[in-house]
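Engineer: Counting from 69, one number per residue, gives the positions in the sequence shown under my numbering. Beta carbons are placed, not taken as given, at the ideal position from N, Cα and C, and that holds for glycine. So that we are looking at the same thing, I have put the structure below in structure tokens.
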Amino acid sequence: MRAYLYDNSDADQRELHDSGIPVSIKELNAINVQYQQLKGTLDEQLEVVEKLCVERSYKNRDEIHISPELLDNYDEKIKTFFTEHIHEDEEIRFIMAGAGYFDVRDRLDRWVRIRVEVGDLLIVPAGIYHRFTLDTSNYIRAMRLFKEDPKWTPINRPEADGNKYRLEHLKEIGPLSFC
């Protein structure tokens with residue numbers, strides 16, 4: 069996993085967009101984003117995912133394969149995934165193949181780009197503005213975990229600004245303190 073501030077250029081969204089300013093796991097945790105690199109074989113990684121499901125009460129899961137050849141309405145869906153939005157549930161992804169980027173908003177409303185690859189487990193909290201895109205390889209296979217029935221309901225910005233899950237997220241991460 070590599071995380072850094074997004075450079076905000078108009079280049080293809082699948083490019084690195086690395087500003088050269090790194091963001092640490094500690095900084096991600098401060099905005100309630102959790103990351104773990106799962107080691108071992110796929111079977112060993114899936115055992116860790118199973119334990120997580122029990123710990124966090126995830127009852128359902130599915131796998132998504134994203135590529136121009138495998139996903140119906142690919143162009144439309146990629147555009148939707150990259151539109152800034154929140155969810156009312158946390159978004160949990162275990163990367164099984166390929167790579168991509170999750171962009172999340174930090175406390176200063178800057179984009180933080182998180183590169184995810186095989187073995188990465190990312191938990192994006194409910195209420196955080198985020199978006200997703202593939203990298204230039206145009207392929208990812210990810211397991212999605214859900215507490216209830218599988219659903220993916222985005223609430224786009226600015227409509228989500230007053231959403232109770234958005235407000236709760238802001239309350240949880242607290243205001244910035246300057247020394």
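(1) Glutamine 113 by DSSP, collapsed to three states: which one?
(2) Got a sec? Which residues, its chain only, sit under 6 Å from proline 222 by beta carbon, not counting five neighbours each side?
(3) What number of angstroms, rounded off, separates the C-alpha of arginine 82 from the C-alpha of tyrosine 207?
(4) Which stretch, first to last residue, makes up the beta strand (DSSP E) that contains leucine 190?
(5) In terms of DSSP beta bridges, what is glycine 168 paired with?
(6) Considering only C-alpha positions, which residue in the set Leu96, Leu84, Asp78 and Met69 is nearest to leucine 176?
(7) Between Met164, Thr148 and Arg129, which lies nearest to lysine 107 when the distance is taken from Cα to Cα?
(8) Find out if the Cβ-Cβ distance for the pair arginine 173, tyrosine 142 is shorter than 7 Å.
(9) When you compare only the Cα positions, how much space is there between lysine 119 and lysine 239?
(10) Just tell me which of Phe214, Trp179, Leu202 and Asp203 has its CA closest to the CA of isoleucine 191.
(11) Quick check on this structure: which residue in His155, Asp188, Trp220 and Thr204 has the alpha carbon closest to the alpha carbon of asparagine 231?
(12) So what's phenylalanine 246 in DSSP terms, helix, strand or just coil?
Structural biologist: Let me lay it out:
(1) Within the sequence shown, numbered from 1, the residue matching residue 113 stands at position 45. Taken through DSSP and simplified to helix, strand or coil, glutamine 113 comes out as helix.
(2) Looking up residue 222 in the sequence shown gives position 154. The residues are His153.
(3) Start at 1 with the first residue of the sequence shown, and residue 82 comes out as number 14. Start at 1 with the first residue of the sequence shown, and residue 207 comes out as number 139. For arginine 82 and tyrosine 207, the gap between their C-alpha atoms comes out near 11 Å.
(4) One-based indexing of the sequence shown puts residue 190 at position 122. Per DSSP, leucine 190 belongs to the beta strand (DSSP E) from 188 to 192.
(5) As a working mapping, residue 168 is identified with position 100 in the sequence shown. Val184 and Leu202, per the DSSP bridge assignment.
(6) Within the sequence shown, numbered from 1, the residue matching residue 176 stands at position 108. Residue nearest to leucine 176 within the set Leu96, Leu84, Asp78 and Met69 is Leu96 (criterion: CA-CA distance).
(7) By 1-based counting over the sequence shown, the position of residue 107 is 39. Nearest C-alpha to lysine 107: Met164.
(8) Mapped onto the sequence shown, residue 173 falls at position 105. Mapped onto the sequence shown, residue 142 falls at position 74. No.
(9) Sequence index remark: in the sequence shown, residue 119 carries index 51 (1-based). Sequence index remark: in the sequence shown, residue 239 carries index 171 (1-based). Distance between the alpha carbons of lysine 119 and lysine 239 is about 29 Å.
(10) Mapped onto the sequence shown, residue 191 falls at position 123. If we check each option's Cα against that of isoleucine 191, Phe214 comes out closest.
(11) The sequence position of residue 231 within the sequence shown is 163, counting from 1. Nearest option by C-alpha distance: His155.
(12) Taking the sequence shown and counting its residues from 1, the one referred to as residue 246 is at position 178. Residue placement at phenylalanine 246 is flagged as unreliable, the pLDDT there being 48, under the threshold of 50; the coordinate-derived value follows with that caveat. In the structure shown, phenylalanine 246 sits in coil (DSSP, three-state: anything other than H, G, I, E or B).
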